[in-house]
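Presented below is the structure to which this report refers.
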Amino acid sequence: KGLANFKFNEFVEIIFRDLGLVFFSGFDFKRIAAEETLKYFRRRLVSLASSLLEGVKLQDYRHWGKPGIRAQLLDLKTRKLEMDFVLEGDAKSLHVLNAVSPAWTCALPFAKYVCDKAEGSSR
């Protein structure tokens with residue numbers, strides 16, 4: 002509990018990688034980081050939701066859970082965010098990377114695509 006699993010060298014690696022993205026990314030990391038950080042605040046997130054749906058009001062959201070982290074795959078060579086699924090594997094395994102939406106990963110057409118890829122790589 003607490004800092005029991007804290008690894009200082011891992012922390013330093015993450016800090017340096019993020020600083021590298023601030024100054025040398027292949028995308029606008031600073032803007033995205035600022036936009037995502039603002040979503041931690043109820044007022045901002047409800048405001049964004051209200052632009053998508055009619056009738057969304059701040060006063061309707063009294064109970065607020067802790068914000069989560071949405072993983073996004075970063076190509077370390079190009080320093081750009083991957084915007085689609087990445088399938089990686091060998092003859093024995095296949096991994097779906099950058100699956101940011103549970104809805105996509107359980108969609109039948111996507112499942113067929115992954116199965117076809119797995120079948121093709123096992124030959």
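To get the working numbering, take the position in the sequence shown, counting from 1, and add 1.
Cβ atoms here follow ideal geometry from the backbone N, Cα and C, with glycine treated the same way.
C-beta atoms of residue i and residue j nearer than 9 Å
{"i": "K81", "j": "L88", "result": "no"}
{"i": "S51", "j": "K58", "result": "yes"}
{"i": "S122", "j": "L95", "result": "yes"}
{"i": "G21", "j": "T79", "result": "no"}
{"i": "Q73", "j": "V101", "result": "yes"}
7 Å Cβ shell around residue i - same chain, five flanking residues per side excluded
{"i": "G90", "result": "H96 and S122"}
{"i": "Y62", "result": "R43 and V47"}
Selection from the options that minimises the alpha carbon distance to residue i
{"i": "R71", "options": "F7, K118 and I33", "result": "I33"}
{"i": "V23", "options": "A35, F12 and N10", "result": "A35"}
{"i": "K67", "options": "F86, I16, T38 and K113", "result": "T38"}
{"i": "K118", "options": "A92, D19 and A104", "result": "A92"}
{"i": "W65", "options": "L54, R45, E120 and E55", "result": "R45"}
Cβ-based burial, residue i [other Cβ within 10 Å; buried from 16]
{"i": "F7", "result": "exposed"}
{"i": "F25", "result": "exposed"}
{"i": "F9", "result": "exposed"}
{"i": "F30", "result": "buried"}
Beta-ladder partner(s) of residue i, from DSSP
{"i": "H64", "result": "Paired residues: none, contrary to the question."}
{"i": "V97", "result": "L88"}
{"i": "K40", "result": "None; K40 has no bridge partner."}
{"i": "K19", "result": "The residue you asked about is not Lys; residue 19 is Asp in the sequence shown. D19 is not bridged to any residue."}
Contacts around residue i, its chain only, beta-carbon distance under 8 Å, and the 5 residues preceding and following it disregarded
{"i": "E83", "result": "Q73, L74, L75, D76, L98 and N99"}
{"i": "D85", "result": "N99"}
Contact set for residue i: own chain, Cβ-Cβ below 6 Å, skip 5 residues either direction
{"i": "E120", "result": "none"}
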